[in-house]
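My numbering puts the first residue of the sequence shown at 12, with every later residue one more than the last.
Think of the CB as a built atom: it goes at the ideal place given N, C-alpha and C, for glycine as much as any other residue.
Since the model is a prediction, treat every value here as computed from it, not as a measurement.
Reviewing the structure listed below.
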Amino acid sequence: MVGVAWEDAGVSSPAVTPDPLHLVLGEEELLAERAVRGALEAARLADPTAELRRVRVTELSPPELAEMLSPSLFAEGRVIVLDAAQEAGKEIAEAVVSYARQPAEGVSLVVLHNGGGRKPGKDLVEALRKAGARVTQCSKITKPAEREAFVKDEVRRAGGRIDAGGVAALIEAVGSDLRELAAAASQLVADTDGRIDEAAVRRYHRGRAEVTGFAVAEKAVTGDRAGALEALRWAMHLGVAHVLVADALADAVRTVARVAAVGRADPFRLASELGMPPWKVKKAQAQSRGWTPEGLATAMGLVADLNADVKGAAADPDYALERAVMRIIDARQRS
Numbered sequence: 012m013v014g015v016a017w018e019d020a021g022v023s024s025p026a027v028t029p030d031p032l033h034l035v036l037g038e039e040e041l042l043a044e045r046a047v048r049g050a051l052e053a054a055r056l057a058d059p060t061a062e063l064r065r066v067r068v069t070e071l072s073p074p075e076l077a078e079m080l081s082p083s084l085f086a087e088g089r090v091i092v093l094d095a096a097q098e099a100g101k102e103i104a105e106a107v108v109s110y111a112r113q114p115a116e117g118v119s120l121v122v123l124h125n126g127g128g129r130k131p132g133k134d135l136v137e138a139l140r141k142a143g144a145r146v147t148q149c150s151k152i153t154k155p156a157e158r159e160a161f162v163k164d165e166v167r168r169a170g171g172r173i174d175a176g177g178v179a180a181l182i183e184a185v186g187s188d189l190r191e192l193a194a195a196a197s198q199l200v201a202d203t204d205g206r207i208d209e210a211a212v213r214r215y216h217r218g219r220a221e222v223t224g225f226a227v228a229e230k231a232v233t234g235d236r237a238g239a240l241e242a243l244r245w246a247m248h249l250g251v252a253h254v255l256v257a258d259a260l261a262d263a264v265r266t267v268a269r270v271a272a273v274g275r276a277d278p279f280r281l282a283s284e285l286g287m288p289p290w291k292v293k294k295a296q297a298q299s300r301g302w303t304p305e306g307l308a309t310a311m312g313l314v315a316d317l318n319a320d321v322k323g324a325a326a327d328p329d330y331a332l333e334r335a336v337m338r339i340i341d342a343r344q345r346s
């Protein structure tokens with residue numbers, strides 16, 4: 012069977028059969044989410060009505076898994092995503108392996124695994140490889156050269172070009188988080204003629220932030236309901252992609268949660284510990300005021316659900332974004 016890479020999904024033939032088994036291996040969340048999106052896009056080339064169902068592997072029993080993966084009477088396409096497969100126990104891991112030996116027609120099973128975990132989860136990786144699963148590596152990007160290459164690839168993917176000065180300026184302005192870098196690279200290409208240098212990056216971060224998801228996210232995590240909704244509606248009016256706003260919200264909530272968890276300390280000392288630029292730590296410290304651990308836990312759940320909503324689970328992504336923004340603000344205000 013022939014698979015469809017996510018970046019090729021828009022130009023591939025609808026006759027292509029999606030991969031029945033897909034192992035997404037590694038800790039880089041952005042790359043893993045793109046692999047899931049690619050599996051869904053491939054499934055919808057074969058069946059535009061294909062649905063996405065996503066569940067954490069520890070929340071499943073073997074009978075529940077069998078029900079999710081059983082062939083449909085009407086042959087509707089489905090993409091079943093198993094999150095955190097490294098946490099799988101023996102029984103559920105064996106159930107996945109048993110299914111992988113003879114996958115159902117019309118079903119794409121996507122297994123997300125960070126590469127570590129308990130023995131049953133590790134054995135699952137090898138079993139899926141042997142069963143012929145398509146494997147997508149999503150290793151953490153930690154080296155400066157890898158991060159620079161990622162930025163260049165993101166700009167190229169969006170249809171633009173960026174020189175070395177532009178790459179350095181973008182990383183300096185945004186930091187090391189891949190979601191922020193990807194969102195900023197995409198928006199830069201959209202806001203320019205596609206040729207990006209250091210000057211373009213400086214202009215963008217000085218004068219165009221109001222049309223990105225970052226402005227929405229910043230107002231949401233600080234509890235500015237009117238400002239967040241106004242920024243969101245303006246971003247939607249300007250055509251900012253739903254996924255970019257969702258990614259910005261998720262990054263803002265995660266950043267506040269990480270910084271809040273380590274307490275109030277010198278931003279420069281925490282920067283090294285957290286892998287963030289000092290300015291970002293300082294900003295998150297200010298944003299964390301007014302949040303409780305319970306409120307942040309609620310917000311983390313909201314942005315996780317939103318991620319799926321804007322990537323196919325919700326019928327109306329505009330409404331999903333607005334609802335998530337309001338609920339994030341509610342979680343902060345109840346803190």
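Query	Result
Which residue comes first and which comes last in the alpha helix (DSSP H) that contains L285?	P278 to L285
Just mark H248 as buried or exposed, buried being the case when its beta carbon has 16 or more other beta carbons within 10 Å.	exposed
Is G286 buried or exposed, if buried means 16 or more other CB atoms sit within 10 Å of its CB?	exposed
Mark P304 as exposed unless 16 or more other C-beta atoms lie within 10 angstroms of its C-beta, in which case mark it buried.	exposed
Buried or exposed for V222, going by 16 or more other Cβ atoms inside 10 Å?	Low per-residue confidence applies at V222: pLDDT is 49, beneath 50, and the placement is therefore not dependable, though the value from the model is reported in the following sentence. Per the 10 Å Cβ criterion, buried.
Do R206 and R172 have their beta-carbon atoms positioned less than 7 Å apart in this structure?	yes
Which residues bound the alpha helix (DSSP H) around Q298?	P289 to Q298
With three or more C-beta pairs closer than 8 Å as the rule, is the stretch 150–163 touching the stretch 51–66?	no
At which residues does the beta strand (DSSP E) containing E229 begin and terminate?	Careful: E229 lies outside any beta strand (DSSP E), inside the alpha helix (DSSP H) at G224 to V232.
Please give me, in chain order, every unbroken run of the alpha helix (DSSP H) with length at least 4 that falls completely inside the stretch 70–105.	73–80
Given a threshold of 16 other Cβ atoms within 10 Å of its Cβ, counted over all protein chains shown, does T69 qualify as buried or as exposed?	exposed
Does DSSP put E62 in a helix, in a strand, or in coil?	strand
Could you tell me which residues DSSP pairs with V122 in its beta bridges?	L34 and L93
Mapping the DSSP letters down to three states, classify I340 as helix, strand or coil.	helix
I'd like to know whether the C-beta atoms of I91 and R64 end up nearer to each other than 7 Å.	yes
From D235 to Q296, what does the alpha carbon distance come to, in whole angstroms?	17 Å
Between V212, A331 and A308, which lies nearest to Q198 when the distance is taken from Cα to Cα?	V212
Are A261 and V314 closer than 7 Å when you measure CB to CB?	yes
R265 to D174, Cα distance in whole Å?	30 Å
What are the boundary residues of the beta strand (DSSP E) that T147 is part of?	R145 to Q148
Excluding the 5 residues preceding and the 5 following I339 in the sequence, name in chain order all residues of the same chain whose CB lies nearer than 6 Å to its CB.	A231, A310 and L313
Check whether the Cβ atoms of D208 and G177 lie closer than 7 Å to each other.	yes
Which residues share a DSSP beta bridge with I207?	I173
Verify whether the separation of the beta carbon atoms of G224 and V256 is less than 7 Å.	yes
L120 and L32 - do their beta-carbons sit closer together than 7 Å?	yes
Starting from the C-beta of P82, find all residues in its chain whose C-beta is less than 8 Å away, skip the five residues before and the five after it, and write them out in chain order.	A115, E116, G117 and V118
For T153, is the classification buried or exposed, using 16 other Cβ atoms within 10 angstroms of its Cβ as the cut-off for buried?	exposed
Suppose you measure from the CA of L80 to the CA of Q344; what does that come to, to the nearest Å?	41 Å
Note down, in chain order, each residue of its chain lying with its Cβ closer than 8 Å to the Cβ of P6, except the 5 sequence neighbours on either side.	This structure cannot speak to residue 6, because the chain is shown only from 12 to 346.
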